[in-house]
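Residue numbers (the numbering used here): 395 to 438. Glycine is no exception: its CB is placed at the ideal position from the N, C-alpha and C atoms. Each remark here refers to the structure printed beneath this line.
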């Protein structure tokens, strides 16, 4: 069973998922394209 599901692997979602895991919770991150989002992969 998961404690949280983060939708979107952009800069905010990625950091959110990491922080939830650091707090000892089980988390899933769902991203339809590439982890990191638009700014990281294609530029803003």
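In the DSSP assignment, residue 423 falls within the unbroken beta strand (DSSP E) covering 421-424.
Around residue 395, the same chain offers 420 as residues with beta carbons nearer than 8 Å, after the five sequence neighbours per side are excluded. Take residue 411, set aside five residues on each side of it, and the residues of its chain with a beta-carbon closer than 6 Å to its own are 400, 421 and 423, in chain order. Comparing alpha carbon positions, the residue from 437, 433 and 429 closest to residue 402 is 429.
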